[in-house]
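Here the structure is laid out as structure tokens; the discussion comes afterwards.
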Amino acid sequence: MAPPSRVIAAVLLLCGLLALSVAACGFAIARGDARPATPLGKPSFAPVPPGKRAPVPSATAIQAAPMPVSLVIPAIGISTSLIQLGLTASGQLQVPASTAVAGWYTGSPRPGATGAAVIAGHIDSYQGPGVFFRLRLMRPGQRVYVRRADGSVAVFQVTAVHTYLKSQFPTDGVYGATPNSQLRLITCGGTFDPATGHYLSNVIVYATLVG
Amino acid sequence: MSFSAKAVRLAKLAAAAGLAAGSLMLAAPAASASGGVGWLRLAHLSPNTPAVDVYLYSFGNPSAQIVLHHVSYGTVSGFEQVPAGEYTVAMRAAGAAASSKPVLSTSIDVIAGHAYTVAGMGPYSGLRLQVIPDRLTTPKGKALVRVIQASLQEQKVTVTAAGKTIADKLPFSDVTAFQAVSPGTWAVHAAGATESTTADITLAVGTIHTIVVLDDPSRLALDDLTDAAGSKVLPAGAAQTGFGGTAPRPGGPLLPWVAIGSAGLLLIAGGATRLRRARVLAIRAR
Numbered sequence: 004m005a006p007p008s009r010v011i012a013a014v015l016l017l018c019g020l021l022a023l024s025v026a027a028c029g030f031a032i033a034r035g036d037a038r039p040a041t042p043l044g045k046p047s048f049a050p051v052p053p054g055k056r057a058p059v060p061s062a063t064a065i066q067a068a069p070m071p072v073s074l075v076i077p078a079i080g081i082s083t084s085l086i087q088l089g090l091t092a093s094g095q096l097q098v099p100a101s102t103a104v105a106g107w108y109t110g111s112p113r114p115g116a117t118g119a120a121v122i123a124g125h126i127d128s129y130q131g132p133g134v135f136f137r138l139r140l141m142r143p144g145q146r147v148y149v150r151r152a153d154g155s156v157a158v159f160q161v162t163a164v165h166t167y168l169k170s171q172f173p174t175d176g177v178y179g180a181t182p183n184s185q186l187r188l189i190t191c192g193g194t195f196d197p198a199t200g201h202y203l204s205n206v207i208v209y210a211t212l213v214g
Numbered sequence: 107m108s109f110s111a112k113a114v115r116l117a118k119l120a121a122a123a124g125l126a127a128g129s130l131m132l133a134a135p136a137a138s139a140s141g142g143v144g145w146l147r148l149a150h151l152s153p154n155t156p157a158v159d160v161y162l163y164s165f166g167n168p169s170a171q172i173v174l175h176h177v178s179y180g181t182v183s184g185f186e187q188v189p190a191g192e193y194t195v196a197m198r199a200a201g202a203a204a205s206s207k208p209v210l211s212t213s214i215d216v217i218a219g220h221a222y223t224v225a226g227m228g229p230y231s232g233l234r235l236q237v238i239p240d241r242l243t244t245p246k247g248k249a250l251v252r253v254i255q256a257s258l259q260e261q262k263v264t265v266t267a268a269g270k271t272i273a274d275k276l277p278f279s280d281v282t283a284f285q286a287v288s289p290g291t292w293a294v295h296a297a298g299a300t301e302s303t304t305a306d307i308t309l310a311v312g313t314i315h316t317i318v319v320l321d322d323p324s325r326l327a328l329d330d331l332t333d334a335a336g337s338k339v340l341p342a343g344a345a346q347t348g349f350g351g352t353a354p355r356p357g358g359p360l361l362p363w364v365a366i367g368s369a370g371l372l373l374i375a376g377g378a379t380r381l382r383r384a385r386v387l388a389i390r391a392r
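Structure follows, in structure tokens:
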């Protein structure tokens, strides 16, 4: 019979080999999970919608802008129908259930009426790009078209694009009163926090109705 | 041409291009950030003053930025978004040459994020251009309303709305402060010494209104101006509009696997040492 020290040595060797192979597998799987950011790619073709242009509302006009039905942004290849968004039970902005469409917040003025109309959409789903994936690429001067229920089109020009930490969300600047007709487009941006499943920032596009 | 001369020319060209880009940006209000703009609207609220042409000049710029032709009594323009800064508003008789001396003019300092109404007020004999600051925030769940008294026929007018007196014997060409009222559609009643009128006016939550009392032409009339509007309810906090499907992923933590691997190496080293020692002992024992 072999001395006990030889058995212990064999056990140690086996355990060591086992640990090494487990570690190698774990290491490979952890490395394989890593992924770079999805490239922005080429925007799809989104032509400027035809239709009568919405007039800039005068101070005395009755505020009866028609309902918004779709959104087109040729500069970043967005063409989407618009759903209606309300508030969640906790008073936050409801977001579209689908990541492929954007929604208009029904508590905000209708696009083309006096005030800031608010439209929100997802940057991405669990799998890939959402409707507002390229929103962060928008630049001042670019145009945003909102088609309305009567076939008319409200044309907005981007004045600013800002990214804010969600903890410093500019509620008054986005939802507060404005003296002219404006538009806010909201999506997520910045760093994604896998622990909470949320992005840490919001990207907001500010635009003003042009006649 | 020598190399250095070429370089100087290139630098000059670049500087000129930079200047041109800079002046273009100054000329385009839409290009500036939302923080750098204010709003202006122009009004004619003098009952016995004939129609006028109203000019808006950016300070130091002799060509008008906005011209409103043939503005008659009771007309209020929509708000124009302008870069913050100094402006001059001038009034000329309708059809008068742009180069003629204005009947009236006033200067106004537009602060970023603020709105102003510049109105021709008072009787023709004492016409003045008044800068009336507007407001852009409402108390939570309320509407804001104020009254401009532009009826010459009725020297003093009392206006009630939403069960409140929002203007009490307001003299001609005067303006009240803003008052918070419960939102809703209200029968707004205005009464002078002899004339009175009532109009249904909707004051939605989060909106700001100016009610103008006018001569129409021998009776009283009410004009409801929407000064500003916002969301009825301000959603709490940020919007959760993403699931991370396009975000870069760092992958799982590697440290535990490195630790397990190192432990395995230690075990193998320990085992090998023991094995060698055991072999040495066995050889000696023979």
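Sequence order for the protein chains is F and Y. Heads up: the first sequence is residues 4 to 214, going by my numbering. Heads up: the second sequence is residues 107 to 392, going by my numbering. Glycine included, every Cβ here is placed at the ideal spot set by N, Cα and C.
task: Determine whether the Cβ of residue 338(Y) lies closer than 7 angstroms to any Cβ atom of chain F.
output: yes
message: Using beta carbons (cut-off 7 angstroms, strictly below), is residue 129(Y) in contact with chain F?
response: Reliability fails at residue 129(Y), whose pLDDT of 35 lies under 50, so the model's placement of it is uncertain and no value is given.
query: With 7 angstroms set as the bound, which would you pick, yes or no: does the beta-carbon of residue 303(Y) sit closer than that to a beta-carbon of chain F?
result: no
C-alpha gap between residue 355(Y) and residue 146(Y), whole angstroms: 48 angstroms
- prompt: By Cβ distance below 6 angstroms, which residues in the same chain neighbour residue 80(F) in space, the five residues on each side in sequence not counted?
  reply: 46, 47, 49
task: Scan the region 325-357 of chain Y and note each continuous alpha helix (DSSP H) run of 4 residues or more that stays entirely inside, going in chain order.
output: none
- prompt: Which residues mark the beginning and the end of the alpha helix (DSSP H) in which residue 368(Y) is found?
  reply: 361-391
- prompt: Between the region 182-194 of chain F and the region 135-153 of chain F, are three or more C-beta pairs nearer than 8 angstroms?
  reply: yes
- prompt: Roughly how many angstroms lie between the CA atoms of residue 373(Y) and residue 23(F), to the nearest whole one?
  reply: 10 angstroms
- prompt: Should residue 106(F) and residue 126(F) be called a contact, given that it needs their Cβ atoms to be closer than 7 angstroms?
  reply: no
field: Short Cβ contact (7 angstroms threshold) for residue 150(Y) with residue 177(Y)
entry: yes
- request: Return yes when at least one heavy atom of the ligand GDP lies under 6 angstroms from the C-beta of residue 208(F), else no.
  value: Here there are no bound small molecules, and the ligand GDP is not part of this structure.
query: Excluding the five sequence neighbours on either side, which residues of its own chain have a C-beta within less than 8 angstroms of the C-beta of residue 337(Y), listed in chain order?
result: 312
- prompt: Under 7 angstroms, do residue 148(F) and residue 213(F) count as touching if we go by C-beta distance?
  reply: no
query: What does residue 155(F) reach in chain Y if we use C-beta pairs closer than 8 angstroms?
result: The premise fails here: residue 155(F) is roughly 17 angstroms from chain Y at the closest Cβ pair, so nothing lies under 8 angstroms.
- request: Quick one: give me the first and last residue of the alpha helix (DSSP H) that residue 103(Y) is part of.
  value: The structure shown does not extend to residue 103(Y), since chain Y is modelled only from 107 through 392, so no value can be given for it.
Beta-carbon neighbours of residue 145(Y), restricted to chain F and to distances below 7 angstroms: 182, 183
query: According to the neighbour-count rule (16 or more other Cβ atoms, all chains shown, within 10 Å of its Cβ), is residue 214(Y) buried or exposed?
result: buried
message: Could you check whether residue 299(Y) and residue 263(Y) sit closer than 7 angstroms to each other, using their CB atoms as the reference points?
response: no
message: Just to make sure I have the definition right: I need the residues of chain Y whose C-beta is within less than 7 angstroms of the C-beta of residue 98(F). Which are they?
response: 345, 346, 347
task: Please list the residues of the region 26-60 of chain F that have a C-beta atom closer than 8 angstroms to any C-beta atom in chain Y, keeping them in chain order.
output: 26, 27, 29, 30, 32, 33, 34, 35, 36, 37, 38, 39, 40, 41, 59, 60
- request: Report, in whole angstroms, the separation of the C-beta atoms of residue 120(F) and residue 57(F), which I expect to be a contact under 8 angstroms.
  value: The pair is not a contact, with the Cβ atoms about 11 angstroms apart (cut-off 8 angstroms).
field: Validate contact between the region 219-228 of chain Y and the region 286-296 of chain Y using beta carbons, cut 8 angstroms, 3 pairs
entry: no
- request: Compute the beta-carbon to beta-carbon distance between residue 98(F) and residue 123(F), rounded to the nearest angstrom, for a pair I have assumed lies under 8 angstroms.
  value: 6 angstroms
message: Going by DSSP, what residue range makes up the alpha helix (DSSP H) through residue 178(F)?
response: 174-178
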